[in-house]
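Reading through the structure tokens given below for one structure.
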Amino acid sequence: MKSSELNRVSFIVMRELRAPLMTLLIVYSIGMLVMTFIPGIEIDGEVQHLSIFHAFYFMTYTATTTGFGELPVEFSNAQRLWAIICLYVSVVAWFYALGSIIKLFQNTFFLRALAEWRFTKSVARITGPFYIICGFGDTGSVLVRGLNDAGMNAVVIDSNAERIQALSLRSYRIFVPGLCADASVPSHLLDAGVSSPYCKAVVSITNDEAVNLQISALARLLNPSVCIITMSKAHEVEDTLATLGGEIHIVDPFKTFAKVLNACINKPAFYALNNWLVGSRGASLEVYEQPPIGHWIICGYGRMGMEANHALNLNHINTAVIDPHSRRRDEEIETYIEGRACAKTLKDAGIDHAVGLLAAADDDGQNLSVLLNARRLNDDLFTIVRQNSHQNEIAFNIANANMVMQPTLVTARKILLLLIAPLLKHFFIYLLAKDAGRDQILEALITRLKQRLGHKKPFLVTVNFNRSEGLELVNCLEAGHTIFLGDIIKDSRYTDKALDLVPFVIKSGDQEIILPTDDYKIKIDDQLLFCGTVEAKQLFKANINSEYTLFYLRTGKYPAVGYFMQWYESRLRKKNGNNYD
Amino acid sequence: MDLGKVIFGFFIVLSLTLNVGFVLGEYSNPEHHSIYELFTVIVVNFIATGLKLGDRSQVGAVLLATSLVADFELIAAALHWTFAVHISDAGMNPNVMSTIVSLSGGALVANIISVVILVAETLRARL
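Going down the list, the protein sequences come from chains S and H.
The numbering used here applies: residue 1 is where the first sequence begins, and numbers increase by one.
The numbering used here applies: residue 1001 is where the second sequence begins, and numbers increase by one.
Here it is as structure tokens:
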């Protein structure tokens, strides 16, 4: 791949610069050759001729209009005549060549080939796991930022040149290569490294569902083992995608939202936890938001309105729908009012005795105005509003709704969690299960998180106990020692303090251990998901990668450092006959 | 308390303090700088280097490097002294002495770095 890009670049250079370079060559060689033949002035009775070297020197400063004069000796008149001809012809030839070079740098094909070549080179330079993000819109930029904060590599393809320009202007900790191209063309996906063993996932989140489907199918063909994540809002597409095989995740922001809404009604604590983990603005573990049970009004019955309606009906909540489109036949909705949401339709829908309002239209202006209208008519409403464009952030902040649903953000966060914390899904399923005692576990977990992390920003961290992520830990396990989870989550700077983190899940083989306790015995190739502060993350990684720290954490004793102390200690041990460790 | 840490700290700090002792005094005055002091500095430095061998941690590597620098400069100073007194006819004079003192001054800096790292490393683990 790499050489073909280079070939294309060099081919364009060759083709564009062939004629001007040939012209220069011919003009120079004729000029030089004739210059050496023409007799110069006589010095001491000897006719002076220019050598080839001097002739080349003369042509060089003449063609570039530098004009140092007559060197090394004065010219004869015959030479001067030829110099005049050389000057005019070579200067014109030079301008022609310069013009061609400038034209080459304005040639869009050349620039595109150059950009592709650079992109392929930077992708090839990535030596760790990376993700291909197709589409750098609102969702893509949130996702790339999140991956970057988690210290992961990402590669971006977007067909919009402005978005790629925007990408290059962002300040990322890890460089993110971007290519302006159509990601549904196989060669571009290959440029992005889809067939590389380091490529872990292809995320297709362009605005076009058909393109997303095409990218997913191509990615599966080009790399059967890569994980595919895509965004889709249509059922047919989901069915097609599911048949591609392999690991595939389809993120539907509205379904995700409906699930969250359902969880919010049934388990407000879970909703608060989820919001806090993904880092929503103003999220806290102190107060739980709970939508009231009663009469709800849904303004705008698109995909979001429909999913939310299902979620509300599941919880036996009455709803009234206001939508400008006529009712679809196959659905049973008690109150369906046709028309735009305004004071009159809101009154018809029963705003005076309503407890909640959902503004779910795909128009931000309309959603905000519905919100204000409805509040005027009934100021005790629980309000959920849909924000479609990131640009309207400020207006929505001021509007101060109880919940803001931003589809792009929901999608980005969901995908981010899939990539950086794949075990979180099992954890959430466990917490949401209707088994007895789960509510107490959830409460206990939240108390523990509050104690450990306080007001610090939570980070979800996935650690694999393998050679590349925890070399010393693996060495120690291979030497036959037992390491407990409680050992490695201690703070090595204090004797009795643990790091500010809470282990969520350990995946060991096919088994998932939810909320593992301190006496869990670590096995090689286990995967751990924990939530902790940034500092705890660093110290944890130091714990499992330092031989001496690990020894101290395991035994509570200082290891013998250096050959002399090791020798001395082994002597001491032999003498006392006690076996240490 | 850990015996290993005591021995380790003792030799590292001793080599620094002896080094200071040798360098103190008028810069080029041979009467202010004792040959026996230089001798003990070199011996103690060698012991400190020996104790640092075999530490596989990052900090251990830097500690060993500083010790090697100090050894190197002190050996150069000792060789210069030997050369001046026994091999060339110059004998001990202020010129020779100032070179020896500046070399061991360099070793002093390396020893200071060594002690600073030792202290920092100890403070990092508030056990």
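We treat Cβ as the ideally placed atom computed from N, Cα and C, and that holds for glycine.
- Mind checking which residues open and close the alpha helix (DSSP H) that includes residue 130 of chain S? Residue 130 of chain S -> not in any alpha helix (DSSP H); beta strand (DSSP E) instead, spanning 130-134.
- Message: Between residue 1114 of chain H and chain S, is any beta-carbon pair separated by less than 8 angstroms?
- Response: no
- Message: Contact criterion: CB-CB distance below 8 angstroms. Does residue 570 of chain S meet it with respect to chain H?
- Response: no
- Query: When the Cα atoms are used, what is the spatial distance from residue 1 of chain S to residue 283 of chain S?
  - Reply: Per-residue confidence for residue 1 of chain S stands at a pLDDT of 45, beneath the threshold of 50, marking its modelled position as unreliable; the derived number appears in the next sentence. When rounded, the distance between both Cα atoms is 47 angstroms.
- Alpha-carbon to alpha-carbon, residue 41 of chain S and residue 48 of chain S: 6 angstroms
- Kindly say whether residue 547 of chain S, judged by its beta-carbon, lies nearer than 8 angstroms to any beta-carbon of chain H. yes
- Message: What residue range does the beta strand (DSSP E) around residue 382 of chain S cover?
- Response: 382-386
- Starting from residue 204 of chain S, follow the beta strand (DSSP E) in both directions and report where the run begins and ends. 199-204
- Item | Validate contact between the stretch 223-239 of chain S and the stretch 154-162 of chain S using beta carbons, cut 8 angstroms, 3 pairs | no
- Message: Within 8 angstroms of any Cβ in chain H, is that where the Cβ of residue 624 of chain S sits?
- Response: Any answer about residue 624 of chain S is impossible in this case: the structure gives chain S only from 1 up to 581.
- For residue 291 of chain S, which of helix, strand or coil comes out of DSSP? coil
- Item | residue 490 of chain S in three-state terms, based on DSSP | strand
- Message: Please identify, using Cβ separations under 9 angstroms, the residues of the stretch 1001-1016 of chain H that lie next to chain S, in order along the chain.
- Response: 1002, 1003, 1004, 1005, 1007, 1008
- For residue 522 of chain S versus residue 485 of chain S, is the C-beta spacing smaller than 8 angstroms? yes
- Message: Between which residues of its own chain and residue 566 of chain S is the CB-CB distance below 6 angstroms, once the five residues before and five after are set aside?
- Response: 560
- Message: Measuring only the C-alpha atoms, how far is residue 1071 of chain H from residue 1027 of chain H?
- Response: 21 angstroms
- In whole angstroms, what separates the C-alpha of residue 1023 of chain H from that of residue 568 of chain S? 34 angstroms
- Does the beta carbon of residue 530 of chain S come closer than 8 angstroms to any beta carbon on chain H? no
- Item | Buried versus exposed, by CB contacts within 10 Å (16 or more), residue 338 of chain S | exposed
- Query: In whole angstroms, what separates the C-alpha of residue 1067 of chain H from that of residue 489 of chain S?
  - Reply: 34 angstroms
- Between residue 430 of chain S and the rest of its own chain, which residues show a CB-CB distance below 7 angstroms, the 5 nearest in sequence each way excluded? 514
- Is residue 136 of chain S near residue 163 of chain S, with beta carbons less than 8 angstroms apart? yes
- Message: Please give the ranges of any beta strand (DSSP E) in the stretch 132-177 of chain S, keeping only runs that are unbroken, at least 3 residues long and fully inside the region.
- Response: 153-158
- Counting along the chain, where does the beta strand (DSSP E) carrying residue 318 of chain S start and finish? 318-323
- Contact the stretch 351-360 of chain S vs the stretch 293-302 of chain S: 3+ CB pairs below 8 angstroms: yes
- Cβ-based neighbour list, residue 78 of chain S, same chain, cut-off 7 angstroms, excluding 5 preceding and 5 following: 38, 39
- Give me the Cβ distance between residue 202 of chain S and residue 194 of chain S, rounded to the nearest whole Å; I'm assuming they're in contact under 8 angstroms. 6 angstroms
- Item | Residue interval of the beta strand (DSSP E) (run including residue 258 of chain S) | No beta strand (DSSP E) holds residue 258 of chain S; the alpha helix (DSSP H) holding it covers 253-266.
- Item | Chain-ordered neighbours of residue 561 of chain S on chain H, where CB pairs are closer than 8 angstroms | 1004, 1008, 1054, 1055, 1057, 1060
- Task: Return helix, strand or coil for residue 457 of chain S, following the three-state DSSP convention.
- Result: coil
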